[in-house]
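From first to last, the protein sequence lines stand for chains U and C.
Per our numbering: the first sequence = residues 5 to 541.
Per our numbering: the second sequence = residues 16 to 829.
Every residue, glycine too, gets a C-beta built ideally from N, C-alpha and C.
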Amino acid sequence: MHVAVILCSFTSISDGNGEQTVLRGVQTSLLSMYIPSKPFTCLDGSLTVPFEFVNDDYCDCQDGSDEPGTSACSNGQFFCENKGYLGTLIPSHFVGDGICDCCDGSDEYETTIVCNNTCFELTQKFQAVRDARRTLHEAGIAKKKEIIAKSKAITSERQEHFNKLEQDLNNLENDLKEKEKLKQEAEVPEYAAKEKNQKLWEENRAMQQVMVRDQQIREIFVDLDTNEDSLVSIDELQKHTELDINQENEFTVEEVRSILGSDSVNFNEFNAIVFEKISNSYQSSPEPTTPTLEPTPLPEPSIYSATTPSSILEKHGYEEEEVTTTSSSYKDNEEENNNDRDDYHESSSVSTSLEHEKHIHASLAPEYDDETKVLIQIADQARNEYNQVKEKIIQIKRQIQDFKKQSDVDLGPNNDYAPILDECFDYDEREYTYRICMFKTAKQISKGGSSQVTIGYWDSWSGPKDDKYLKMKYSNGATCWNGPPRSLTVTLKCGTEQKLSDVREPSRCEYTMTFETPLACDETIANRSLHPGHVEF
Amino acid sequence: MKNILHLVHYIVVLFVLNIPSIENVDRSNFKTCEQSGFCRRQRKYKPDRSSYEIDLNTIKIVKSGHLRCLLLDNTKSHVKFKLDIFTLEHNSLRVKINERNPIRRRYEVKHSLVGEPKLVDMNITNLDGNQIQGSFGKAARFLLHVKPFRLDLFTNDMFVMNVNSKHLFNFEHYRKKTHEHATVGFFWMNAAEGWIDVNHNKNLFSTATKPITDNIEIPEVTTHWMFESGIFDGFFFMGPTPRDIFKQYTTITGAAPLPPLWAIAYHQCRWNYIDEDDVRGVLNGFEQHQIPLDVIWLDIEHTNGKRYFTWDLKKFPNPEKLQNDIAFYRRKLVTISDPHIKKDDAYHIYSEAKARGYFVKTKDGQDYEGSCWPGSSMWLDFFNPDISQWYSQRYLLENYKGSTENLFLWNDMNEPSVFNGPEITFPKDLVHHGGWEDREVHNLYGMLQHMSTFQGLVNRSHGHIRPFLLTRSFFAGSQRTAAVWTGDNSAQWSHLKVTVPMLLSLSVTGFGFIGADVGGFFSNPDPKLLVRWYQAAAYQPFYREHAHIDTTRREPWLFGNDNTRLIRQSIEARYTYLPYWYTLFYKQERQGVPPMLPLWANFPKDKNTFKTEDSFMIGNGLLVYPVADADINQISVYFPGENTIWYDLRTFNPYKGSETVLINVNMESIPAYQLGGVIIPRRLRKRRSSMIALNDPITLIVTLDRYLEAKGELYMDDGYTYDYRRKRQLVHRRFIFKNNELRSKSLDTSSKFVTEAWIERIIVLGYPKNPNKVIINSGDKHATPLHSYQAATHTLVIRRPGPLVTSDWTLTIS
């Protein structure tokens, strides 16, 4: 708590402090602010107090600047001179706490404990650490240069490859235009010839249908005409009780007559008046086994159905795959195929009562004339070539896409990390082997290999703002029971070889790894020259 | 009225919390009365008229303060009961009812009591053939009705409580009218499974985990106590003030002792700090972010496969060195030691206990085997004093390898938790030492474990160093040896909120050293919740951050600079109040008054405080309203007491008592107010740990009441040994501000303690004008310290008055 107050009466306090004590804990750069002959203004400017208030073991300034040499302020700073070592700032509340924080022991001037001066040892230690670090970085930098050279080669190789792909794509696209033109040219005469064939065939089929129907009526007439007098009479028809509309009663003479329209009919009258009325319910007489008019469950595969199943199957992959069916020379258009399917269902619904349909359809294979066949062959050839180019374009586009996706991965400054893209590193621990495949995934593999768990997929560089490439983040790994998806942070550290040197799990399912690599070595550290006997701070 | 209720209710809580609770709070996990045969039967039992009567011919005074007679059930003439009434010191009364010739003996709890309660004389008068009156203590009186049996209690001729036994284990408890002038308490001493129906107005509460909202208009409260076994052994505390009740209760069961100073500072815990590097990393974090810390904890994973008293040497290869490093800043380590012992012949604790037959037995006499953290485990039978003693010896430095005097203990899972047991605990038919079934003694088990642990820690230092130990299971009497926390809570705002009523419940039942896991044990708190929790708990007795192993890391600096600063400020605030807390803990040891109190304990005449459970007091001087809502700009603060003044400690604004004020809050706010009339000692200097600050100077915050007076106390000692008891090495000062004079005098003239601590600052709030001069006299020395005055807030600050804390002095303002 700070009590911001304006002191209203001052009496001078003298405790005989020499200048040395008065300026205790003041950093060298701020000495000009502490002038014993003048009142002291807190460094934040908030208050001016008599100079006697400086280091008098009472906190006056909100920023703690009046007590650098005592523990009176919670937020002040004490300067350890640390002769022979680095001068350092420590929180002023470390002063007089019985713990030697400065290597020269200057923070414990008022306590009874004795602080050994450890500045010399510390300097040596500092030097040793610094030298080791320098040596490491130096060795690392040599390796780093190799890797960078490699990464440059890889990068330019990749760029070349990419350029070639783009060029190939360009060429193929031109080629495709050419092939499309050829295809269209071949399809025009083919279409005309096929149309002509089709028309002829349809006319033929209509004639056949009429003949078949006539034949069928004749067969029924003969079947009904049991006395073979070329007339169907009331009593002959009356045997066919299935024709009785009102099934509950007897099939009366009147009812029969209403069907026949008179007492008897000849073939022409039967054809004109009676057949339509009875064709749906008529059943042939049991004994003479002439034609069976049982409804057929499903028609035989029609000309249409011969192509439809494959088009149905291929429908899903169609848009992307551009499936080419060279055998079925007509209908490579999806919409048409759909229409075909509709036809197919329709025909199956109308053909339930008359078996003859199947004979009609069975004889329907369109037999093109030789001229048309040649035209189809030529068009097939053109289509084939067109499709082949198209397929190549798809493949190359895919490669370009993959390449671009990879290029989006930030491979570090100047793509330095390109050589380890996809490279995997293992770390063996008591229970698990940890495997990281750089810029891809990280896994925890149980020893014995029975199971493995993904602990993260490449996410991003996640170092602090000023050192983004210090850490890598892999996230969205397998979800923990009762917890979040696993994730991993990799800290990069200068080393002479590339390896994982530590794996930890500080929070459940949040992993950390240390990855040593020459790429994390710092040239400025490596180049720092050694001056034996001289400490450079 | 309310006061009665609370105490009874809180005693209830005491039992209920003994039910194992390893899971998040889910009410459906609690067994209900309907699920228990005896309780269902008892609850249904509602006779029109009691069938019990006193046999007048048998009444006799066994000795002074002890009346005995026979109680007969006139429906079953062969069943006879012994009724014992004891009149005790401090206006307390004990009633015991036991069968005279039970088919099987009934268990009588002894471990809760400090010793045999001291009797006081009772003056018996036989008013007529149907009533016997006994007067005792200070204007206390009981009236025993013979036919049917009934016992009425009076203080100052005011009827306060009544027992009307309709059935042996039916107990009723009445108040006829609302009265703010008397508080009474009842302590039911029984370790078996039980339920208490609390019926006030028309509401029936059969469990007591939910704080009872009282209706002041309808004063009558009935409690119905239904217990599976044991005897009727009830203590009646006649008050009349809440503080009297605390004294009366702790006279019987013992007061919580003064903990070591560092134990009331900040603790950092997690399940689990993984290894030595991790522990050092966390300690460095506190250094780096300049956050004070006193204790770091190791949960179960630090052991070799949950074998307590061992270390996982791959993770903790050098535990002694680790503890010495921790002790460098005078910090401590706490390790966990649970009562389940891993079944493993190669584990020395197991093999030795097994060989000696130290494990709890099944009804067939076999060692009971159940499952807990280590897998298959057995449990020590602490009811056998030899086993308790053997167990306590496991804590000696020579037995607990890798431990040092800087290591302290945590007894968890001691209900005990048995993962595959019925109701996740011991089967009721297990047999303990003396042939007692678990059903008779169940709730004592945890207490017996931590009592042994405590003894072990005392013996470890040959009685020199005060132990610290935390337990999850507890019983009446646990306060004598352990701190208690509220178990496994969750990172939810509602759980933060409920810490206040839960801790107050514990407080008024004698458990003064209590806390809830900061941040919530289960799941991850959002940073706001974490900050608010740190702020609230900074003003609660036991201050520990703890988190489940499945949570993300939660050290104070992991939530951005702003939150780090807010958390640091909360912890720093705690440290500035440690002199005050320590004084309150000392007063608890001496007088039984817990440091954290409900408002009504200080303002028993203010009916508005009876329902309060969103705020609390620390001692008689600090009122705290923790912010426990996610997005809130204002809180409504009620300032208790008529004619009181309360000072906001950040703005120095005064507020009038008996008024509710809307206070604006932001994330920095920890609404806390000091009562006018109180002097609170603080240590405004910062240090890395509490023990380092031991000799640092003190600031006195003097808030004046409307008579411009104030008083307060300060207790200090070495912070960790028993020398304050054995060698009287303590300082206990009283400060009185009156007639423009502030005096410091010793409350304990026989005490002697040497400290360099001095008074560096005195802040007087509510001082009317800028004085001319301030003079301080101490013995033959005198000085005129500087002062400053802020007219807007009537704040007088005296700069460097300078006397040693241990000296007598007078400061005169003129």
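Starting from the beta carbon of C:I69, find every residue of chain U whose beta carbon is closer than 7 Å, and list them in chain order.
Within chain U, no residue comes near C:I69; the closest Cβ sits about 60 Å away, beyond 7 Å.
Using a beta-carbon distance cut-off of less than 8 Å, what residues from the region 441–473 of chain U approach chain C?
Listed by position along the chain: nothing, the set is empty.
Can you give, in chain order, each stretch of the alpha helix (DSSP H) that sits fully within the region 768–794 of chain C and has at least 4 residues?
none
Tell me, please, which residues DSSP counts as bridged to C:H239.
C:D212
Considering just the uninterrupted stretch of the beta strand (DSSP E) at C:G727, what are its terminal residues?
A725 to M731
Nearest by alpha-carbon distance to C:Q470: which of C:Y670, C:A551 and C:S403 is it?
Selected option, being the one with the closest Cα: C:S403.
Pull up the CB-CB distance for C:T238 and C:V213, whole angstroms please, since I reckon it's below 8 Å.
5 Å
Which full runs of the beta strand (DSSP E) of 3+ residues lie inside the region 439–496 of chain U, going along the chain?
445–450, 456–465 and 475–479
Would you kindly report the start and end of the unbroken alpha helix (DSSP H) that includes C:K91?
Here C:K91 belongs to no alpha helix (DSSP H), and DSSP marks it neither H nor E.
List the endpoints of the continuous alpha helix (DSSP H) containing U:Q220.
C123 to L228 is the span of the alpha helix (DSSP H), which, as asked, contains U:Q220.
Relative to the alpha-carbon of C:A645, which residue among C:E657, C:V693 and C:H510 has its alpha-carbon at the smallest distance?
C:H510
Residues of the region 333–345 of chain C in Cβ contact with chain U at a cutoff of 9 Å, in chain order, please.
F343, Y344 and R345
Could you check if U:W485 is buried or exposed, using at least 16 other CB atoms within 10 Å of its CB as the buried criterion?
exposed
Is C:P610 near C:I633, with beta carbons less than 8 Å apart?
Yes, Cβ-Cβ distance for C:P610 and C:I633 is below 8 Å.
How big is the Cα-Cα spacing for C:I100 and C:F247?
12 Å
For U:M211 and U:N275, I'd like the C-alpha separation in whole angstroms.
When rounded, the distance between both Cα atoms is 18 Å.
To the nearest angstrom, how far is it from the Cα of C:K844 to the Cα of C:I828?
Here chain C covers residues 16 to 829 and nothing more, so residue 844 of chain C does not appear.
Comparing alpha-carbon positions, which option in U:S505, U:P522 and U:F44 lies nearest U:E56?
U:F44
Helix, strand or coil for C:R475? Go by DSSP, reduced to three states.
helix
So, is U:C498 buried or exposed, given that buried needs 16 or more other C-beta atoms within 10 angstroms?
buried
Which residue from C:Q606, C:E724, C:S704 and C:A278 puts its Cα closest to that of C:I660?
C:E724
Could you check how far apart the C-beta atoms of C:G778 and C:V812 are, in whole angstroms? I think they sit under 8 Å.
Here residue 778 of chain C is Ile; the residue named in the question, Gly, does not match the sequence. That pair is a contact at about 5 Å.
Go to C:N426, then tell me how far its alpha helix (DSSP H) extends in each direction, as first and last residue.
Run containing C:N426: none in the alpha helix (DSSP H); it sits in the beta strand (DSSP E), L422 to N426.
Give a yes or no on whether 8 Å exceeds the smallest Cβ distance from U:Y62 to chain C.
yes
Would you kindly report the start and end of the unbroken beta strand (DSSP E) that includes C:H802?
L801 to Q805
From the beta carbon of C:R702, is the nearest beta carbon of chain U less than 8 Å away?
With 8 Å as the cut-off, C:R702 counts as an interface residue toward chain U.
If you draw a straight line from the C-alpha of U:K42 to the C-alpha of U:D67, how long is it?
19 Å
Please confirm whether U:A76 has its beta-carbon closer than 8 Å to some beta-carbon of chain C.
yes
Pick helix, strand or coil for C:E604, following the three-state DSSP scheme.
Look at C:E604 here: in three-state DSSP terms it is helix.
On the premise that U:E389 lies in contact with U:K183, defined as a C-beta separation below 8 Å, what is that separation, rounded to the nearest angstrom?
5 Å
Any idea what DSSP makes of U:F14, helix, strand or coil?
Here U:F14 scores only 34 on pLDDT, less than 50, and its place in the model should not be relied on; the value that follows carries that caveat. Three-state DSSP puts U:F14 in coil, outside helix and strand.
For C:F654 versus C:E628, is the C-beta spacing smaller than 8 Å?
One thing to note: C:F654 has its Cβ no nearer than 8 Å to the Cβ of C:E628.
Are U:F407 and U:L176 close, meaning C-beta to C-beta below 8 Å?
no
Starting from the beta carbon of U:D430, find every residue of chain C whose beta carbon is closer than 8 Å, and list them in chain order.
Chain C residues near U:D430: none, gap ~20 Å exceeds 8 Å.
Any beta carbon of chain C sitting closer than 8 Å to that of U:P510?
yes
Could you tell me whether the Cβ atoms of C:K91 and C:R115 are closer together than 8 Å?
Taking 8 Å as the Cβ cut-off, C:K91 and C:R115 do not qualify as a contacting pair.
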